[in-house]
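Enquirer:
Here's what the structure looks like:
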């Protein structure tokens, strides 16, 4: 384990040292000798190249750096391997990995990621600006480059939900002034932009004035007037495309298209055809992950997985690498610092013996070797999060089974109820209906027909509020409950169950451990992923979180749920910006109409 | 003649209006209908496209803008013509045209230039920061986008010459804070950067801190250590390349290569082979003119001439256009404002019916039609320059023929003298020697062997200083003199002649008219180009200046000079940064050794 410098001086500060080293008057700190230079500026691969590094930055790249080697210079023999710029993730949420920023970095550095553009949208909805600042400061402590996009839509759906915080234009402006913020996080309120909502326009304007990048998110297949109105407002990129025509439309309008390969997003293969089949100029395509689960990070990879996949779709390796390096650096106005192996830039360098498969044989960031052969070798200490970031699950009371009682309308023997219909592998839900019987004035769920209960438990302000409803599609066939404080985007608690007793027990358990995801059956805890930080992130290592998440998925299976990735469906059931029907702390929401509706019809 | 708005609000300020127009809720100011969209982001040409314009910016680009047409919307029918982004000149000196910034703009707008990145290096050497500010303010008044690069090397060769001004790091920093400066002008002192000269490093650092672009100028074929040392210092571009390997070397190092086609520079054809023959990624190539004479502007064109030429060398038209639009905009961090036909950007648009030949049928800037069919149609008023910018030729006395007497060493009957050897069509000179006879203690020139006199007349501080020497190569065979206050880079006065009486008369004439270039023979004024502003620029129209310059060249021919472009050679004879031998106000300079030498050997 080697120590790692937490930050390095700017090119401006280091220029005299870099010049001295380039000229051979002062020895380099380290030299990488005899590699193939993957040159993202020229689009070439140049053999027999040396790199001299000083003060964490590249001082010299050329055919022979022997003049820069002194007695104390560390020499790394590339032995003809490819020297690739460290990979950049153009848009992602750390919270999706359910680990801290530092732990996320520890997990992805061995995969060659040396820059991440993160939008801490989830913690913002729980802890507000203070939460974003925690993520920012965690990011700033790292030996890799992690830039923060300031969340733009907190809450996501004003009027349809109460989150744990609300951002004003002033909040956004303040955060844009922090040293490691790079712009505005995905502007999801695309109807708001197209309708000239003053708050959305104000946030975009504050970002443009700060000369930072406005992240976009146009999650609609419509490429008509609303799309054009959105573009005129200023968002500079979009990662929500899925069809080949989506990046085409965006890039033609002067935006950049981010193609996404996350744990559950497979949006590269179709969109990249705009380049591989139609010959579009690739310079405005970027690659990103958006959401990666800890299991993906531990078992599959991160940006190396995306680049590899893009090459498999028929892209030239150098083009795919440009999409994960220089293109991203230019998009965020950072090409003087990252995105290429060129003088002045941070020495973020990967050694690999094969481009299509990208084995990560050595990963260097800011001139320090951080990982070798897929294993982290540097000591990157954990940053303790302060107490206010923990114990954020404030239920206001101990829940009992009768908190989940659903009263029928006076005198009814049967009701017709709205039911949220889960669709496997998709974010949208279906607005279903079901006839349910009434006993002793209470509506009964119907587990036999896969209609069980869902509750949104208020957990930010201790109001004791519980909104009850029905959900179908999970297939639970035992007495059980699953509760989660990851509940996009307001991150209250969602409890789904066939047993009110288990629902209460699961909810209370999460209240006790400070949040997470838990599965209970017949009063017994089957599995729990504790997420102590904001109820969203664990304090443990990614491997442990991945194991606990796997156990949690298995426990859901034990209870009868056979859906692929059911936990993701669970955590999205309060996402009141995606149709058709959801639950919020204010009630049942018809997302097609953006209005609250009664549970009974 | 239509009136023209002097500046337009930012995208941020105009976003609400742009959205309203894009959505069809507020009519556009103008709409261009039915053109072929030359899309520099996607690299495509897209037929049947409409553009809606509001507040000087593009609100909508797409298949149908009829929803944005109101009763007062001006509709321009493209009739299937190409709609090309206005062209950008990535690096140039207005002074080379010997006209003001406004007049330069009036000359080049009909050629489709809507953005210029100008380095007012010449006026800086005469009038210092105040002169640069005059150019800046003239630029800021224009309906096209003219950005100022702050001159970096004033004087060009400290210790070898005194210019009219000297810039400190503080001066450069001050100018970088003005609204329309985009970076540092060409950093010519490449040995200084490689040697870590604190002033050069300080200027570069100030520019990086201001988040602006550091212009480069590495005028040496050496691609060894000095080149690498220079790159490590931070310059971001270079326009001094001439061979195919020059842009290759620069782009590989993370710089951008500017390929130059000026009045006397022909550096595109050879360098562009890196793209057309070797397949290098073209995204980091830019086009520029550097120096255009008024005759070129009037008769041949400006950036349209460069783009046309680049296409003739085998580039795809879209690629050549990218090099004069988007690539330049990205280099200067201005892609949100210029360089493409995309929403939010300034409506700088050319209509042309053919890409390879680029006839300029309509030129619009910031939404206003400024020129049609190669003729300026807008009224762009002349900005008066203040008195301090005129009458800058301060000789301190009336010169007489004997000011040009060259005394031989005591008792010599003959001397061996150093002679500056002019090389046709090239900037370097040859260090020649000649045996010259002595009469009455004075050395005689030898017009028969084409050795005539040259004098550097101090003209900034009225010291009365005259440095005399010899020059060969112009071929003057009559009694005559040619004097010029354009005398790179210090811009004293250079007088070359075969007659001392004519030398005195020519010098005094320039003193009287406030500077310029004049040709005298046997006491008679044959031709004069008056350059009242700083002795560098005329107050007249480019057509008039071009005519006067042509008459001046003809007059030089009458006096026996058959060199191509001899006036350029004349004006470069005091450029003490280009080998081999030059003249300055301090004496004869051996530029190979960077030291002063005696006239006699």
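Chains as they are written, first to last, in our numbering: chain G, 1 to 601; chain L, 1001 to 1601.
Here a beta-carbon is modelled for each residue, glycine too, at the ideal position from N, C-alpha and C.
The model shown is predicted, which means the values in this text are computed figures rather than measured ones.
Going residue by residue through the stretch 308–370 of chain G, where are the continuous alpha helix (DSSP H) segments of at least 4 residues, counting only ones entirely within it?
Expert: 317–323, 326–331
Enquirer: Is the number of C-beta pairs between the stretch 7–22 of chain G and the stretch 1219–1232 of chain L that are closer than 8 Å three or more?
Expert: yes
Enquirer: Given a threshold of 16 other Cβ atoms within 10 Å of its Cβ, counted over all protein chains shown, does residue 1071(L) qualify as buried or as exposed?
Expert: One-based indexing of the second chain puts residue 1071(L) at position 71. Residue 1071(L) should be labelled exposed.
Enquirer: Do residue 1044(L) and residue 323(G) have their C-beta atoms closer together than 8 Å?
Expert: Counted from its first residue, the second chain places residue 1044(L) at position 44. Counted from its first residue, the first chain places residue 323(G) at position 323. Result no, Cβ atoms of residue 1044(L) and residue 323(G) do not sit closer than 8 Å.
Enquirer: On the three-state DSSP scale, how would you describe residue 128(G)?
Expert: Taking the first residue of the first chain as position 1, residue 128(G) is located at position 128. In the structure shown, the three-state DSSP call for residue 128(G) is helix.
Enquirer: Who pairs with residue 1089(L) in a beta bridge, going by DSSP?
Expert: Here residue 1089(L) refers to the residue found at position 89 of the second chain. 1116(L).
Enquirer: If the cut is a Cβ gap below 8 Å, which residues of chain G does residue 1343(L) touch?
Expert: Stepping through the second chain from its first residue, residue 1343(L) is reached at position 343. Correct list: 228, 231, 232, 253, 254.
Enquirer: Less than 8 Å between the CB atoms is what I'm expecting for residue 303(G) and residue 121(G), so what's the real figure, rounded?
Expert: Here residue 303(G) refers to the residue found at position 303 when the first chain is read from its first residue. Here residue 121(G) refers to the residue found at position 121 when the first chain is read from its first residue. Taking C-beta atoms under 8 Å as the contact rule, residue 303(G) and residue 121(G) fail to qualify, at a distance of about 20 Å.
Enquirer: Alpha carbon to alpha carbon, what distance is there between residue 494(G) and residue 396(G)?
Expert: To locate residue 396(G), count along the first chain from 1; it is residue 396. To locate residue 494(G), count along the first chain from 1; it is residue 494. Rounded to whole angstroms, residue 396(G) and residue 494(G) show a C-alpha spacing of 16 Å.
Enquirer: Of all Cβ atoms in chain G, is any one closer than 8 Å to the Cβ of residue 1061(L)?
Expert: Working through the second chain from its first residue, we reach residue 1061(L) at position 61. Yes, its Cβ sits closer than 8 Å to a Cβ of chain G.
Enquirer: So, under 8 Å CB-CB, residue 488(G) and residue 586(G) are touching, yes? Tell me the CB distance rounded to an integer number of Å.
Expert: Within the first chain, residue 488(G) is the residue found at index 488, counting from 1. Within the first chain, residue 586(G) is the residue found at index 586, counting from 1. About 16 Å separates the two Cβ atoms, so there is no contact after all.
Enquirer: Between the C-alpha atoms of residue 1446(L) and residue 1515(L), what's the straight-line distance to the nearest angstrom?
Expert: Position 446 of the second chain, counting from 1, holds the residue named residue 1446(L). Position 515 of the second chain, counting from 1, holds the residue named residue 1515(L). Distance between the alpha carbons of residue 1446(L) and residue 1515(L) is about 28 Å.
Enquirer: For chain G, is any of its Cβ atoms less than 8 Å away from the one on residue 1280(L)?
Expert: Here residue 1280(L) is taken as the residue at index 280 of the second chain, counted from 1. Interface residue, yes.
Enquirer: What's the gap between the Cα of residue 126(G) and the Cα of residue 491(G)?
Expert: In the first chain, residue 126(G) corresponds to position 126, counting from 1. In the first chain, residue 491(G) corresponds to position 491, counting from 1. Cα to Cα, the separation comes out at about 7 Å.
Enquirer: Cutting at 6 Å between CB atoms, please list the residues of its own chain near residue 1320(L), excluding the five before and the five after it.
Expert: Counting from one through the second chain, the residue named residue 1320(L) turns up at place 320. Closer than 6 Å at the Cβ level, and outside the excluded window around residue 1320(L), lie 1307, 1310, 1311.
Enquirer: Could you tell me whether the stretch 84–91 of chain G touches the stretch 518–531 of chain G, where touching means 3 or more Cβ pairs closer than 8 Å?
Expert: no
Enquirer: Beta-carbon of residue 23(G) versus every beta-carbon of chain L: anything under 8 Å?
Expert: On the first chain, residue 23(G) is found 23 positions in, with the first residue counted as 1. Contact with chain L is found for residue 23(G), since one of that chain's Cβ atoms lies less than 8 Å from the residue's Cβ.
Enquirer: Is the CB of residue 385(G) under 8 Å away from at least one CB in chain L?
Expert: If you number the first chain from 1, residue 385(G) lands on position 385. Answer no: the Cβ-Cβ gap between residue 385(G) and chain L never drops below 8 Å.
Enquirer: Any heavy atom of the ligand SAH closer than 7 Å to the CB of residue 1069(L)?
Expert: You won't find the ligand SAH in this model; it holds no ligand whatsoever.
Enquirer: With distances taken between CB atoms, is the gap from residue 1119(L) to residue 1091(L) smaller than 8 Å?
Expert: Sequence index remark: in the second chain, residue 1119(L) carries index 119 (1-based). Sequence index remark: in the second chain, residue 1091(L) carries index 91 (1-based). In this structure, residue 1091(L) lies closer than 8 Å to residue 1119(L) by Cβ.
Enquirer: Residue 37(G) lies in the beta strand (DSSP E); which residues open and close that run?
Expert: Sequence index remark: in the first chain, residue 37(G) carries index 37 (1-based). First-last of the beta strand (DSSP E) with residue 37(G): 30–39.
Enquirer: For residue 581(G), does the three-state DSSP call read helix, strand or coil?
Expert: Numbered from its first residue, the first chain carries residue 581(G) at position 581. The three-state secondary structure of residue 581(G), taken from DSSP, is strand.
Enquirer: Using CA atoms only, rank isn't needed, just tell me which of 1030(L), 1382(L), 1042(L), 1521(L) is closest to residue 1076(L).
Expert: Counting from one through the second chain, the residue named residue 1076(L) turns up at place 76. Cα-wise, what sits closest to residue 1076(L) is 1030(L).
Enquirer: Could you give the DSSP three-state label for residue 494(G): helix, strand or coil?
Expert: To locate residue 494(G), count along the first chain from 1; it is residue 494. Residue 494(G): strand per DSSP, three-state reduction.
Enquirer: Per the contact definition of three or more C-beta pairs closer than 8 Å, is the stretch 590–600 of chain G in contact with the stretch 530–540 of chain G?
Expert: no
Enquirer: Along the stretch 10–22 of chain G, where does the CB come closer than 7 Å to a CB of chain L? Name the residues.
Expert: 11, 12, 15, 16, 18, 19, 20, 22
Enquirer: Give me, in chain order, the residues of the same chain whose beta-carbon lies closer than 7 Å to that of residue 244(G); leave out the 5 immediate sequence neighbours on both sides.
Expert: Residue mapping note: residue 244(G) aligns to position 244 of the first chain, counting from 1. Same-chain partners within the cutoff: 270, 271, 273, 274.
Enquirer: Check each residue of the stretch 200–211 of chain G: if its Cβ is closer than 8 Å to any Cβ of chain L, include it; give the result in chain order.
Expert: 201, 204, 205, 208, 209, 211
Enquirer: What residues of chain L sit near residue 248(G), judged by a beta carbon separation below 9 Å?
Expert: Taking the first residue of the first chain as 1, we reach residue 248(G) at position 248. Here the neighbours are 1042, 1044.
Enquirer: Rank 407(G), 157(G), 351(G) by C-alpha distance to the C-alpha of residue 78(G) and give the top, closest one.
Expert: Here residue 78(G) refers to the residue found at position 78 of the first chain. The shortest Cα separation from residue 78(G) among 407(G), 157(G), 351(G) belongs to 351(G).
Enquirer: Going along the stretch 273–306 of chain G in order, which residues come within less than 7 Å of chain L, judged by CB to CB distance?
Expert: So the close ones are 280, 281, 283, 284.
Enquirer: Relative to the C-alpha of residue 1133(L), which candidate in 1542(L), 1171(L), 1463(L), 1143(L) has its C-alpha closest?
Expert: In the second chain, counting from the first residue as 1, residue 1133(L) sits at position 133. For the options 1542(L), 1171(L), 1463(L), 1143(L), the alpha carbon positioned closest to that of residue 1133(L) is the one of 1171(L).
Enquirer: For a contact meaning CB atoms closer than 9 Å, what does residue 505(G) contact in chain L?
Expert: Position 505 of the first chain, counting from 1, holds the residue named residue 505(G). Chain L residues near residue 505(G): none, gap ~51 Å exceeds 9 Å.
Enquirer: Name the chain L residues that come within less than 7 Å of residue 330(G), Cβ to Cβ?
Expert: In the first chain, counting from the first residue as 1, residue 330(G) sits at position 330. Residues of chain L passing the Cβ test: 1330.
Enquirer: Hey, out of 10(G), 548(G), 511(G), whose CA is closest to residue 391(G)'s CA?
Expert: Residue 391(G) sits at position 391 when you count from the first residue of the first chain. Ranking 10(G), 548(G), 511(G) by Cα distance to residue 391(G) puts 511(G) first.
Enquirer: Give the DSSP-derived three-state secondary structure of residue 1227(L) in the structure shown.
Expert: Along the second chain, read from residue 1 onward, the residue named residue 1227(L) stands at position 227. The three-state secondary structure of residue 1227(L), taken from DSSP, is helix.
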